[in-house]
Amino acid sequence: MKNQIISNHFIKRIGFSQDQLKQALEQISISFSLGSISSTHGIEEGYEDVNIKITTTKGHYLCKFLVNFITKKSRTLKEAQYYAYVIEQLAKGGLRVPNLLSTTAGSKLYKISIKNLNPIHVLVMEFFEGKHFLEIAPTIKDMQNITLILKQLHSLDFPLQDHICDDPWQPQFLHKYYKKHANILPPKEKLILKKTVQKLKLLDLNKYKKTPTHGDIMRNNILKNSKGEYCLLDFGVIANNYWIIDLALFLAGFCLDPKLNIKTNQKILNKVINTYLKHRKIKKEITDDLNLLITASYSAFYLAATLEKIMENNFSDENMYWINLGREGMQMMKSIENYTISPNTSSNFKKPAEAFRCPPFLISLKSAPS
7 MKNQIISNHF
17 IKRIGFSQDQ
27 LKQALEQISI
37 SFSLGSISST
47 HGIEEGYEDV
57 NIKITTTKGH
67 YLCKFLVNFI
77 TKKSRTLKEA
87 QYYAYVIEQL
97 AKGGLRVPNL
107 LSTTAGSKLY
117 KISIKNLNPI
127 HVLVMEFFEG
137 KHFLEIAPTI
147 KDMQNITLIL
157 KQLHSLDFPL
167 QDHICDDPWQ
177 PQFLHKYYKK
187 HANILPPKEK
197 LILKKTVQKL
207 KLLDLNKYKK
217 TPTHGDIMRN
227 NILKNSKGEY
237 CLLDFGVIAN
247 NYWIIDLALF
257 LAGFCLDPKL
267 NIKTNQKILN
277 KVINTYLKHR
287 KIKKEITDDL
297 NLLITASYSA
307 FYLAATLEKI
317 MENNFSDENM
327 YWINLGREGM
337 QMMKSIENYT
347 ISPNTSSNFK
357 KPAEAFRCPP
367 FLISLKSAPS
């Protein structure tokens with residue numbers, strides 16, 4: 007194996023040294039009967055868990071070291087079991103998700119214990135050979151297909167925790183983190199967040215149904231392979247929540263692009279919402295609520311990434327991407343907020359894939375689940 011598996015900046019999340027991580031991967035390979043390791047690659051995109059791709063004599067695998075991305079501490083046994091349970095339930099529901107492997111003893115979870123360090127639970131899965139949408143720009147067709155995946159997820163019925171992860175990246179917690187950290191914001195962005203928070207306080211979400219929600223379908227959390235198949239990733243914030251919040255997050259983090267003109271973004275908005283609400287009359291109330299929640303999503307991206315920069319000294323290209331997307335998205339929504347969605351619009355709008363922004367810092371990276 008190479009001397010360094012992941013960067014020293016990233017490795018602090020797991021608490022292992024490079025040598026200890028190598029030792030852990032060797033233990034995992036033996037326990038899951040994966041064969042001899044020939045190479046390793048740390049997946050350092052996203053904020054959830056610590057992910058290592060390993061190539062062995064038997065194939066390619068992804069080792070997910072379960073770390074709470076908010077507390078930066080190892081997930082408890084109960085949390086780790088829940089994570090595995092969610093993946094299995096989604097697979098049973100017909101969604102394409104990473105296929106979990108079992109140890110030779112038949113367990114999905116594997117606990118790594120190294121002297122003087124807190125134990126950490128690991129999931130091992132087959133590696134899905136595809137690219138995420140920060141590497142390949144999504145087309146309108148991709149957006150519509152993934153909208154149907156989101157809709158399918160929302161239609162599933164299996165027990166989930168009702169507790170929503172207290173996550174600064176989620177729009178429903180914007181008021182809490184704005185109140186606590188408003189003093190760090192520049193005046194222009196602070197004003198937008200203040201107005202958004204005031205409107206959110208008047209929003210009655212109880213008129214919308216609670217369903218299983220992903221909470222984080224961003225461009226780096228879904229892969230597409232050469233066959234056109236999609237694989238959904240990252241399940242750390244899945245819970246019963248209002249479907250409209252999940253749709254708003256998807257629109258903000260995956261579909262809309264502030265670098266494009268307003269007319270193009272309006273068409274994208276139209277396409278996605280009509281795909282989701284097909285055969286259902288689209289009310290102005292839903293339009294207004296979605297626009298507000300999309301603005302709140304961009305506001306949450308901006309605030310959460312700014313906190314990462316200031317409190318975690320995170321000046322990575324990826325974190326700056328979220329700061330810029332949040333700032334530009336808030337500005338974009340000022341022009342879109344009065345836009346009324348037109349039901350059953352013509353589907354002949356096509357935009358070449360290259361028109362959609364692909365952050366240059368990710369173009370050369372190898373794809374992998376995060």
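Just so you know, the sequence shown maps onto residues 7 to 376 in this note's numbering. A virtual CB, placed ideally from N, CA and C, is assigned to each residue, including glycine.
**Report entry** Rounded C-alpha distance that separates Met224 from Leu331
**Finding:** Distance from the CA of Met224 to the CA of Leu331, rounded to the nearest whole angstrom, comes to 12 angstroms.
Query - Contiguous beta strand (DSSP E) assignments of at least 3 residues, all confined to the segment 202-270 - result: For the segment 202-270, whole beta strand (DSSP E) runs of length 3 or above, ordered along the chain, are 216-219, 228-230, 236-238 and 245-248.
Requested in this report: On a CA-only basis, which of Leu31, Ile34, Glu334 and Ala311 is nearest Thr301? Give me that one, please.
Outcome: Comparing C-alpha distances from Thr301 to each of Leu31, Ile34, Glu334 and Ala311 shows the shortest one belongs to Glu334.
Query - Residue burial classification, Thr82 (beta-carbon count within 10 angstroms, cutoff 16) - result: Exposed: under 16 other Cβ atoms inside 10 Å.
Query - DSSP state of Gly21 mapped onto helix, strand, coil - result: If DSSP states are grouped into helix, strand and coil, Gly21 belongs with coil.
Query raised in the report: Considering only the beta carbon of each residue, do Thr77 and Lys59 sit closer than 8 angstroms?
Result: No; because the gap between Cβ atoms is not below 8 angstroms, this pair is not in contact.
Requested in this report: Rank Ser232, Tyr214, Lys205 and Leu239 by C-alpha distance to the C-alpha of Gly221 and give the top, closest one.
Outcome: Of the candidates Ser232, Tyr214, Lys205 and Leu239, the one whose C-alpha sits nearest the C-alpha of Gly221 is Leu239.
Requested in this report: Counting only the same chain and skipping the five closest in sequence on each side, list residues whose C-beta sits under 6 angstroms from that of Val56.
Outcome: Here the set comprises Arg19, Ile20, Phe71 and Val73.
Query raised in the report: Between Glu135 and chain D, is there a C-beta pair that is closer than 8 angstroms?
Result: The displayed structure is made up of one protein chain only, and chain D is not part of it.
Requested in this report: Put His160 into one of helix, strand or coil per three-state DSSP.
Outcome: The DSSP-derived three-state label of His160 is helix.
Query - With 16 other Cβ atoms within 10 Å as the buried cut-off, status of Leu197 - result: Of the other Cβ atoms in all chains shown, fewer than 16 fall within 10 Å of the Cβ of Leu197; this residue is therefore exposed.
Query - Stretch-stretch touch, CB-based, cutoff 8 angstroms, three pairs: the segment 268-282 with the segment 314-323 - result: The segment 268-282 vs the segment 314-323: no contact.
Query raised in the report: Between the beta-carbon of Glu132 and the beta-carbon of Leu96, is there less than 8 angstroms?
Result: Not in contact: Glu132 and Leu96 (Cβ atoms no closer than 8 angstroms).
Query raised in the report: Anyone know if the C-beta pair for Asn246 and Glu135 falls short of 8 angstroms?
Result: No.
Requested in this report: Specify the secondary structure class of Ser119 as computed by DSSP and reduced to three states.
Outcome: The DSSP-derived three-state label of Ser119 is coil.
Query raised in the report: Shortest alpha-carbon distance to Lys200 belongs to which of His181, Lys216, Leu211 and Lys213?
Result: Closest option to Lys200, Cα to Cα, is His181.
Query raised in the report: Once you ignore the five residues that flank Asn297 on each side, which residues in its own chain have a CB closer than 6 angstroms to its CB?
Result: Glu343, listed in sequence order.
Query - Assumed close pair Tyr116, Ser37 - CB separation to whole angstroms, cut-off 8 angstroms - result: Contact holds; Cβ gap of about 6 angstroms.
Requested in this report: With Glu50 as the anchor, note down where its alpha helix (DSSP H) starts and where it stops.
Outcome: Careful: Glu50 lies outside any alpha helix (DSSP H) and carries neither H nor E.
Query raised in the report: Looking only at DSSP bridge pairs, what is Lys137 linked to?
Result: In the DSSP assignment, the residues bridged to Lys137 are Lys230.
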